[in-house]
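Below is one structure; the comments refer to it alone.
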Amino acid sequence: MLLNGKLQGRALVKQSNASVLCAPKPAARGVNGRRILVVRQAVEVPPSRATAANELESLSRLSNIVPDTLAFESLVPGAKLAAASVSASTLRSVLVGESLGHKPYENAINAALAAGRTASSPLAGTSDPLDRAMANVGAMLAECVTGRVETVVDPRLANDDAALVSKVRDLAAAYGRLNVPRNRLIFALPGTWAGTQAAWVLEAEGIATTIYMVYSLAQGVAAMQAGASVVRIAVGRIHDWYDKNPGVIRNPHGPREDSGTPSSYDPGMELVKELYCYGRRFHPKTKIMASSLRSRRDVLELAGVDYLVLSGRLMNQLEQVATDQGYNDGLHAAEGSTGVDPALTPAVASASDVQKWDSLTEDSWRSGLGLAATELLDSTLRQRCKDVNELVSLLQERISSMT
1 MLLNGKLQGR
11 ALVKQSNASV
21 LCAPKPAARG
31 VNGRRILVVR
41 QAVEVPPSRA
51 TAANELESLS
61 RLSNIVPDTL
71 AFESLVPGAK
81 LAAASVSAST
91 LRSVLVGESL
101 GHKPYENAIN
111 AALAAGRTAS
121 SPLAGTSDPL
131 DRAMANVGAM
141 LAECVTGRVE
151 TVVDPRLAND
161 DAALVSKVRD
171 LAAAYGRLNV
181 PRNRLIFALP
191 GTWAGTQAAW
201 VLEAEGIATT
211 IYMVYSLAQG
221 VAAMQAGASV
231 VRIAVGRIHD
241 WYDKNPGVIR
251 NPHGPREDSG
261 TPSSYDPGME
271 LVKELYCYGR
281 RFHPKTKIMA
291 SSLRSRRDVL
301 ELAGVDYLVL
311 SGRLMNQLEQ
321 VATDQGYNDG
331 LHAAEGSTGV
341 DPALTPAVAS
351 ASDVQKWDSL
361 TEDSWRSGLG
371 LAATELLDST
381 LRQRCKDVNE
391 LVSLLQERIS
401 SMT
C-alpha cells in the first residue's frame, strides 16, 4: 500500500466504492495538467434563497461549466467537482513532471505498469500497459468527482470501429476490476465514421460515449443518430481554420465573402447553435458541449447549451462582472433583477427551422463533411496520435526500468 507517497507491496487502497491500485486519494483539485476537465454543475436556486451572482455564477445556472484547467479551486473556491477526463496528454504531462502535484498520479501509473507482472493484481488481466495506466488514474479521479470520468480512447484506432468497441470494452472491464461501475464512466471517441459506428454498439450496451473532434453538422447529426451521449464542438478551432482560409465561404446562406459586406458569421458558434436545436428537436438524449471558446461574448452567446468548456482566463473575466440576479431580502427576489440571459433554450430549438436528416451512410457522411471539417479532423487526429505515441514510449521506458 502507499505510505507517505511511497509504494510498499502490491495491496489495493480501497477508497469508498472504487479501488485504486497502490495510489492515495487525490486532492480535490486534481492534477494541474493538460486536458483533465472538471465540471461545475448547473444548479437551480430558489429566488428567495439566491444571493447576488456574478456572471459566472449566473451562467452556471443555465449551463454546466467545464473549466479547461486544473487550477480549479483557485478559480472557483469550494466548487463541487462533478466530472473529470483522462487522456494520453494527461498521463504524458504527469510522467514528464509538467503537472503540479503529479506525484500521486505518477505512483498510480507506476503501480498500473507493475501490475502486468503480478497475477494477483486486479489489473493483471488487462494486457495493454496504456489501458492499465488510464484506468488506474481514472479510478483515482472517480474518487474526487460526483459524476462521470471521461476516458479518451486511443485515437490511433479512429478508423476501425471494431477495434474502438473492443478497446472501450477492455477499458470498462479494467475500471470494473477497480470497482468503478459503468454508470460512472463515459468514453470519448473521435468524430470519424468509425467512431460514430462504435458509439452505436457501445450505447446499445449501456456504455456512454462522447463524440469529439466534431467540426461539421454531418458529424454531429451522425453522432446523434448513433445515440451518443455527448457531442463536443471545438468552436475556436473552426474559427481559426476560417481565418487561415479567408477565401472559403463562411456563411452558405449569406452574402459572398468578397461582396464588401462585413460578416459577423462565426461557423463554429453557428454549428453549436444548430446542433443544439437539432438535438433538442430530434435527439433529446444527446447533450451538446462547446469547447475552445475564445471570448466572453462567445460564452454568453451560447448560454444555455448543456456544457461550456471555459479557460481560466474566461472564468476570471466572468467572475469580475457582477449582476443583481437573485439579490433579495430573504423572502422575495428583487424586482427587475438581471443576470445572464439564456440564449439557447428548448423554446428556441422548437422555433428553429432545422430539418430532420435522413439516416446517414458513410458516403453521405463524407460528402457532408466539407473542407474545413475534413482538414481539421485530419490534423487533430495526427496530433492526438502523436501524443499517444509519445506516451507509449514513456511507458515502455518505465517498464524497462522496473526489470
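Counting from 1, position 251 in the sequence shown corresponds to residue 251 in UniProt numbering; the numbering is continuous, with no gaps. All residues carry an ideal CB built from backbone N, CA and C; glycine is no exception.
Measure from the alpha carbon of ALA228 to the alpha carbon of each residue in ILE186, TRP241, VAL149 and LEU314, then state which is nearest.
Among ILE186, TRP241, VAL149 and LEU314, the Cα nearest to that of ALA228 is on ILE186.
Who are the near neighbours of GLN317 in its chain, counting only those whose CB is closer than 7 Å to its CB and skipping five residues on each side?
Excluding sequence neighbours, GLN317 sits near ARG296.
State buried or exposed for GLY220, treating a residue as buried only when at least 16 other CB atoms are found within 10 Å of its CB.
So GLY220 counts as buried.
Just the C-alpha distance for SER352 and GLU397, rounded to the nearest angstrom, thanks.
Taking the straight line from one Cα to the other gives about 54 Å.
What's the gap between the Cα of VAL248 and the Cα of LEU377?
Between VAL248 and LEU377, the C-alpha separation is close to 17 Å.
Suppose contacts are defined by Cβ-Cβ distances below 9 Å. Is ASP306 in contact with SER63 by that definition?
For ASP306 and SER63, yes; Cβs fall inside 9 Å.
According to DSSP, is SER85 helix, strand or coil?
Of the three classes helix, strand and coil, the one that applies to SER85 here is strand, per DSSP.
Assuming ILE233 contacts PRO267 under a Cβ cut-off of 8 Å, what Cβ separation, rounded to an integer in Å, is found between them?
Actually they are not in contact, since the Cβ atoms of ILE233 and PRO267 sit about 10 Å apart, beyond 8 Å.
For ASN159, which three-state DSSP category applies?
Coil, per DSSP.
Sort out for me which residues DSSP pairs residue 406 with in a bridge.
With the chain covering only 1 through 403, there is no way to say anything about residue 406.
Contact between the region 129-148 and the region 172-180: three or more CB pairs below 8 Å?
With a cut-off of 8 Å, the region 172-180 and the region 129-148 count as touching, because enough Cβ pairs lie within range.
Tell me where the alpha helix (DSSP H) around GLU57 begins and ends.
GLU57 -> alpha helix (DSSP H) spans 55-60.
Could you round the C-beta distance between TYR242 and ASN251 to whole angstroms and report it? I think they count as a contact, below 8 Å.
TYR242 to ASN251, Cβ: 10 Å. No contact.
Using the rule of at least 16 other Cβ atoms within 10 Å of the residue's Cβ for burial, across every protein chain shown, is SER121 buried or exposed?
Buried, because 16 or more other Cβ atoms sit within 10 Å of the Cβ of SER121.
Going by Cα to Cα distance, which pick from ALA142, LEU344, LYS287 and MET269 is closest to GLY236?
Minimum Cα distance to GLY236 is reached at MET269.
Between the alpha carbons of VAL388 and ARG156, how many angstroms are there, rounded?
Whole-angstrom Cα-Cα distance: 8 Å.
Do LEU113 and MET315 have their C-beta atoms within less than 9 Å of each other?
It is not a contact, given that the beta carbons lie outside the stated cut-off.
Given a cut-off of 9 Å on the beta-carbon distance, is the pair PRO181 and ILE211 in contact?
Cβ atoms of PRO181 and ILE211: not closer than 9 Å.
Under three-state DSSP, which class holds GLU301?
Of the three classes helix, strand and coil, the one that applies to GLU301 here is helix, per DSSP.
Just tell me which of LEU344, VAL145, GLU301 and VAL152 has its CA closest to the CA of ARG384.
Among LEU344, VAL145, GLU301 and VAL152, the Cα nearest to that of ARG384 belongs to VAL152.
Between the Cα of ARG313 and those of ARG294, ALA142, THR323 and LYS167, spot the shortest distance and give me the residue it belongs to.
Here the closest residue by C-alpha is ARG294.
Indicate whether THR196 and VAL230 have their beta-carbon atoms separated by less than 9 Å.
No, the Cβ-Cβ distance between THR196 and VAL230 is not below 9 Å.
DSSP on ILE288, reduced to helix/strand/coil?
The answer is strand: DSSP assigns ILE288 an E or B state.
Report yes or no: is there a C-beta of chain C within less than 9 Å of the C-beta of VAL340?
Within the model displayed, chain C is absent; a lone protein chain is all it includes.
Buried or exposed: ASN183, going by 16 or more other Cβ atoms within 10 Å of its Cβ?
It is exposed - the Cβ of ASN183 has fewer than 16 other Cβ atoms within 10 Å.
Rounded C-beta distance between LEU59 and VAL340? I'm assuming under 8 Å.
5 Å between Cβ atoms; contact.
In whole angstroms, what is the alpha-carbon distance linking ALA162 and ALA198?
Rounded to whole angstroms, ALA162 to ALA198 spans 7 Å at the Cα level.
Please report the distance separating the alpha-carbon of TYR105 from that of SER292.
About 26 Å.
What separation, rounded to the nearest whole angstrom, lies between the Cα atoms of VAL321 and ALA303?
For VAL321 and ALA303, the distance between alpha carbons rounds to 15 Å.
Ordered along the chain, which non-local residues of its own chain (more than five positions away) have a Cβ less than 8 Å from that of residue 423?
Residue coverage of the chain in this structure runs from 1 to 403, which leaves residue 423 outside it and unanswerable.
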